[in-house]
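Peer 1: Counting along the sequence shown from 1, when you hit position 11 you're at 29 in our numbering, and nothing is skipped either side.
Please see the structure below; I have some questions.
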Amino acid sequence: MESVQSTIKSFINNSNKIAILGIGNYLKSDDGFGVYVVESLVKNYSKTHENLSLEKEINSVNNRLILMNCGVVPENFTDVIKRENPDKIIMVDAALMHQEPGTLRVVESDEISETGFSTHSLPLSIIIKYINAHIDTEILIIGIEPTDLEFGEPLSGLIKEKADEFSKILIEEIDSFLL
């Protein structure tokens, strides 16, 4: 987790606006990881920002942080991304990376086509190319190796624990960014 935290810290350093996209499907157990993380961020920042709500797919903090619950259709959020024009985007998702379950790591751009992001309508590689063709931004993908992708199951205990830990790291780095 430390290497992920240091990567995030250096990634968002000197940013003007950040978008965090939670991607996944709560109905498929650990595939809900990205959505869970973004919801955790919304809950945290709603304590100090009344305009934030879990009922909304898009939440903004001080016009510098955009939190997006993309579910299984991140491509539906490309117009919002273009309009908001963040200089940094962090995508959070469960990813079949052939690692130990619960492994959280940066998925490099050259690995995207080899990594399984199974519940998306469009491959992330196509979405990233589209975004990069329309705005000047950097994109960081954080993936976690799922334990379970069974339909109808909640997040597994291990992945929920990792999601909570990762959410705290994100909050710490975002708080520094927002100062």
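The beta carbon of each residue, even a glycine, is placed where N, CA and C say it ideally should be.
Bear in mind the structure is a predicted one, so any value in this text is a computation, not a measurement.
Could I get the ranges of all uninterrupted beta strand (DSSP E) runs contained in the segment 97 to 136, with 3 residues as the minimum, in chain order?
Peer 2: 106 to 112 and 122 to 125
Peer 1: Would you mind reading off the limits of the alpha helix (DSSP H) that contains Gly170?
Peer 2: By one-based count along the sequence shown, residue 170 stands at place 152. Run containing Gly170: none; DSSP gives neither H nor E here.
Peer 1: Quick check on Glu156: does DSSP put it in helix, strand or coil?
Peer 2: Here residue 156 is taken as the residue at index 138 of the sequence shown, counted from 1. Residue state, collapsed to three classes: strand.
Peer 1: Could you check whether Tyr54 and Leu173 sit closer than 8 Å to each other, using their CB atoms as the reference points?
Peer 2: Indexing the sequence shown from 1 puts residue 173 at position 155. Indexing the sequence shown from 1 puts residue 54 at position 36. Yes, the pair counts as a contact, with Cβ atoms nearer than the cut-off.
Peer 1: Measure how close the beta-carbons of Leu142 and Met109 come, nearest whole angstrom, since I'm counting them as under 8 Å.
Peer 2: Here residue 142 corresponds to residue number 124 of the sequence shown, with the count starting at 1. Here residue 109 corresponds to residue number 91 of the sequence shown, with the count starting at 1. Sure, about 7 Å apart at Cβ, within 8 Å.
Peer 1: Give me the residue from Ile41, Leu196 and Ile192 with the minimum Cα distance to Ser24.
Peer 2: Position 6 of the sequence shown, counting from 1, holds the residue named residue 24. It is Ile192 whose Cα lies nearest to the Cα of Ser24.
Peer 1: Using the DSSP secondary-structure output, state which residues sit across from Ile162 in a beta bridge.
Peer 2: For the purposes of this step, residue 162 is taken as residue 144 along the sequence shown, with counting starting at 1. For Ile162, which the question treats as bridged, DSSP gives the partners Ala112 and Leu122.
Peer 1: Is it buried or exposed, Ser71, if we count other Cβ atoms within 10 angstroms and call 16 or more buried?
Peer 2: Stepping through the sequence shown from its first residue, residue 71 is reached at position 53. The C-beta of Ser71 has fewer than 16 other C-beta atoms within 10 Å across all chains shown, which makes the residue exposed.
Peer 1: Counting Cβ pairs closer than 8 Å, one from the segment 152 to 170 and one from the segment 42 to 53, do we hit at least three?
Peer 2: yes
Peer 1: Cutting at 8 Å between CB atoms, please list the residues of its own chain near Lys22, excluding the five before and the five after it.
Peer 2: Locating residue 22 in the sequence shown gives position 4, counting from the first residue. The residue you asked about is not Lys; residue 22 is Val in the sequence shown. Correct list, in chain order: Leu122, Arg123, Val124, Ile160, Phe184 and Ile187.
Peer 1: Relative to the C-alpha of Ser58, which residue among Ala113, Asn87 and Lys35 is closest?
Peer 2: Against the sequence shown, residue 58 aligns to sequence position 40. For Ser58, the nearest C-alpha among the options comes from Asn87.
Peer 1: Could you give the first and the last residue of the continuous alpha helix (DSSP H) run that contains Gly175?
Peer 2: The count along the sequence shown starts at 1 and reaches residue 175 at position 157. Per DSSP, Gly175 belongs to the alpha helix (DSSP H) from Gly175 to Leu196.
Peer 1: Look at the alpha carbon of Asp166 and the alpha carbon of Leu45, and state the distance between them as a whole number of angstroms.
Peer 2: Sequence index remark: in the sequence shown, residue 166 carries index 148 (1-based). Sequence index remark: in the sequence shown, residue 45 carries index 27 (1-based). Whole-angstrom Cα-Cα distance: 11 Å.
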